[in-house]
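Note that my numbering has the sequence shown beginning at 86, numbered continuously upward.
Some notes on the structure that comes next.
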Amino acid sequence: YDFVIVGGGTAGCALAARLAEDGSFRVLLIEAGSKGDDVTDIRKPFMWPFLSGSKVDWNYKTVAQKGLNNRVIACPRGFVLGGCSAINALTYNRASNDFYDKWAEDVEDGGWSWKSMEHYYRKVLSLVPPADEHDTTGQVDPALYGNGPIQLSINTSYSKDIHSRTMESVDSLGGQFFTNLDLQGGRTLGFSWLVSTVAGGERSYTTRYLDTMENGKNLDILINTRVTRILPVPGSLGAPDMRTVEIASSREGSPRSTITARKEVILAAGSINSPQILQLSGIGSKKILEPLGIDVHLDIQDVGLNLRDHATIATYFSTTSQATWDGIVRDHSELGKFATQWDNSRNGLFADPPASGLGYIRLPDDDPVLKKVGDPSSGPSAAHIEYAFGASTYSSVACALKANQEQNGFIPLSTEPPPTSGNYITALVVSTSPTSAGSVQINSSDAFDAPLIDFAILTTEFDQHTIVEGMKSAVKLFAAAPLKEINTKPCGTFAAALETGSDDALLNYARDIGITMFHASCTTAMSPVSASWGVVNPDLTVKGAQGLRIVDAGVFPRIPECHPTGVIYALAERAADIIKTKYSAALSES
């Protein structure tokens, strides 16, 4: 094989398809999980909560999180061909133009600027009609989409009334609240209808790249196989040559085999597994590796550091509206009817994603904490706070699915049991430009042991302040007309925290129920070629190594202020061009 790609996730599948499609290169894609063909819930948009904690999840847990009252939280990662794009909440939006321009500035390479990256977005995505075929005029801007394999649509049939009211309430407030026709337009600000990775009532995810290849004979896929480490040999230029991977299918009783790439090994295992594999291979901080008996081949201090994610808090509001999912998810027979409807027609509730819309705001320019610590966002078109709206309590959905399926449901987003009656709306409050930074660190030399994962979320003054201000702004929104006409009021322990009038009480509420948004990033960060910090160069090659690149969310020098799936696809598209340009030039010269 010319290229061995480690990880068949969001980036890995896209990259493999692009490298193999023109027939010049032989590509092997190695995935630790299964194909997932037997897990039909992957394809059902509404059933995404059921995928976390299932057999297609790595089922990682964090260490105790100091910022979350020492709670241990889940860290879902896709253990299946398709990776996190197969188990995520199907939410798609690209980052702001400011994000890409700041990325280019951070790494001193204009190839990562928005001007350079824009055409890759159009190469990734296409807009298709919603499952219920409703008129999407005023909900999306078709001019922003291309003709790529990842299909997007607006599917909000069962929460349309509530989100319409939300958008009108946003307009009535003004100021930091305003509507944005489409968040793909370059500003991660404003409130919009949800654009989701749903086509024909089914999830559209990275395996679409594989399914739509015109010529797949140059691509082989190896599933249920774990890369345990990369084996270095002396390189011709003195740098370790990292073109051989060791593989195994199980911890014990499984022979270790090796595969050597003619050109490169490309890590696309994600922000948790890529630094783990590097460390197991002797690339990382010698302070971590030497005590574990691992020979250090490259002492790169930043491997596994700077782990970023978006702190996420659920706020709950009761309502007299009947247009929520609550009654449906409490009635197993009703759920069964919707399941049958989806089986027969790919329509109905199960074709809907879990959210109806998104909103993004910035802190006011005169915010005292913002002035004190500085603005960590990428620029004025990048948000500090996100809202994701759901027409129910997420805990109700999770518990209903768990009871119905007799399996684990989604991570609870409340300290209370789900209400047994009434109707509710959830607003997830998300810190989108976090300053808290954690780490991924191996704890043994065994590739089958989970690494130590510490997000360190809500450990900085800025992040704590942002999440509290976000909760207070959510209350302001739900008190505005026409939402207030359906009697939207804070409820449960969230209401109790508000009644104290204390920011400390709200922060403690956040610590009690907070999780991450499952957007792990930045653990193998990109930096300028000449930099002494970082892990990869702007061309995605690992500093100091030969024959090794990384193409996944770990290389981001900063976390996007959006849901990162679209950024990862664009990264993979540009990576493919960088790699093909290098080796096509070499072929033409030979």
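Yeah, the Cβ is synthetic: ideal placement off N, Cα and C, and Gly gets one too.
On a predicted model such as this, the values are computed, not experimentally measured, just so you know.
Residue i versus residue j - alpha carbon distance
i, j, result
"Leu498", "His248", "21 Å"
"Ile664", "Leu136", "34 Å"
"Ala324", "Gln631", "6 Å"
"Leu114", "Arg659", "18 Å"
"Asn429", "Asp217", "14 Å"
"Gly369", "Ile357", "14 Å"
"Pro227", "Tyr445", "21 Å"
"Asn622", "Met202", "17 Å"
"Val525", "Pro536", "6 Å"
"Met327", "Lys628", "12 Å"
"Phe276", "Arg314", "44 Å"
"Asn309", "Val414", "34 Å"
"Glu646", "Arg288", "23 Å"
"Asp460", "Thr551", "12 Å"
"Ala476", "Val515", "17 Å"
"Asp191", "Val620", "14 Å"
"Ser518", "Thr578", "26 Å"
"Pro134", "Asp126", "9 Å"
"Ile344", "His648", "34 Å"
"Gln361", "Ile385", "13 Å"
"Pro142", "Ala117", "Looking at the sequence shown, residue 142 is not Pro but Asp. Approximately 11 Å between the Cα atoms of the pair."
"Glu419", "Phe131", "14 Å"
"Leu153", "Arg431", "40 Å"
"Val225", "Leu104", "32 Å"
Contact under 8 Å by Cβ, residue i with residue j
i, j, result
"Gly168", "Gly94", "yes"
"Asp637", "Ala354", "yes"
"Cys607", "Arg634", "no"
"Phe184", "Ser463", "yes"
"Ile398", "Ala581", "no"
"Leu448", "His469", "yes"
"Gly233", "Lys208", "yes"
"Leu365", "Val388", "no"
"Ala440", "Ala661", "no"
"Tyr290", "Ala171", "yes"
"Leu229", "Asp186", "no"
"Arg336", "Phe533", "yes"
"Thr573", "Thr404", "yes"
"Leu274", "Ser238", "no"
"Pro438", "Val283", "yes"
Three-state secondary structure (DSSP) of residue i
i, result
"Ile315", "strand"
"Gly168", "helix"
"Asn300", "coil"
"Gly286", "coil"
"Asp624", "coil"
"Trp410", "coil"
"Gln526", "strand"
"Asp539", "strand"
"Asn173", "coil"
"Gln426", "helix"
"Gly515", "It is worth fixing the name first, because residue 515 is Val in this sequence and not Gly. DSSP places Val515 in strand when its eight states are reduced to three."
"Tyr509", "strand"
"Leu322", "coil"
"Gly275", "strand"
"Thr441", "Just to set this straight, residue 441 is Ser in the shown sequence, not Thr. Three-state DSSP puts Ser441 in coil, outside helix and strand."
"Asp588", "helix"
"Ile306", "strand"
"Asp452", "coil"
DSSP bridge partner residues for residue i (one or two, in chain order)
i, result
"Gln236", "Ser211"
"Lys146", "Ala159"
"Lys574", "Ser403"
"Thr343", "Glu331"
"Ser606", "Arg393"
"Ser257", "Beta-bridge pairing links Ser257 to no other residue."
"Arg634", "Ile351 and Thr626"
"Ile653", "BP columns for Ile653 are empty, so no partner."
"Met611", "Val621"
"Leu434", "Answer is none; Leu434 lacks a bridge partner."
Classification of residue i by the beta-carbon crowding that lies within 10 angstroms, buried from 16 upward
i, result
"Leu100", "buried"
"Leu109", "The sequence as given places Ser at residue 109; Leu does not occur at that position. Its Cβ having fewer than 16 others within 10 Å, Ser109 is exposed."
"Ser406", "buried"
"Leu568", "buried"
"His749", "What the structure shows of the chain is the stretch from 86 to 675, and residue 749 is not part of that stretch, so it cannot be assessed."
"Pro465", "exposed"
"His417", "exposed"
"Gly523", "buried"
"Ala566", "exposed"
"Gln639", "Inspection of the sequence shows that residue 639 is occupied by Gly rather than by Gln. Classification of Gly639: buried, given that the 10 Å Cβ count is 16 or more."
"Thr505", "exposed"
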